[in-house]
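Numbering (my numbering), first residue to last: 622 to 766.
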């Protein structure tokens, strides 16, 4: 099983700052719900994808931080660093309680902007909200995108 490590305080602070930048980029109202925010992110990235537009790295990071924070706010997931037992490169993601399921917002937003597949943020969020997630064992850190 992969090792899950709490993120460093400076990274947690940067994620919070970038999440606020994502809210500003999308002009999100302070009263918006996590579902509304994920819908806004999905629409924005879908439009960029359809127009074959790219974002600056800072904006990709901002949208990814904002996306991950919605899982934290709505489902009590947590940001964490995941280290594979094989010693391969670690990654940062948002993990479900018990660390059974994970999303990797930084990869996911970047990948969505580069691809032609439909942007699945909202569908994924709704599935998690409905409890429609793949079976996974605690500590498995199964990617779910």
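The beta carbon of each residue, even a glycine, is placed where N, CA and C say it ideally should be.
**Asked** Residue ranges of each beta strand (DSSP E) run of no fewer than 3 residues wholly in the region 644-721, ordered along the chain?
**Response** 699-704, 712-716
**Item:** Contact between the region 640-652 and the region 622-631 (3+ Cβ pairs under 8 angstroms)
**Value:** Fewer than three Cβ pairs drawn from the region 640-652 and the region 622-631 lie within less than 8 angstroms of each other, which leaves the two stretches out of contact.
**Item:** the region 698-705 touching the region 653-673, judged by at least three CB pairs closer than 8 angstroms
**Value:** Segments in contact, no.
**Item:** Secondary structure of residue 762, DSSP reduced to three states
**Value:** coil
**Message:** With a threshold of 7 angstroms on Cβ separation, who are the neighbours of residue 665 within its own chain once the five nearest residues in sequence on each side are excluded?
**Reply:** 647
**Request:** Would you be able to state if there are at least three C-beta pairs under 8 angstroms between the region 738-755 and the region 676-683?
**Result:** no
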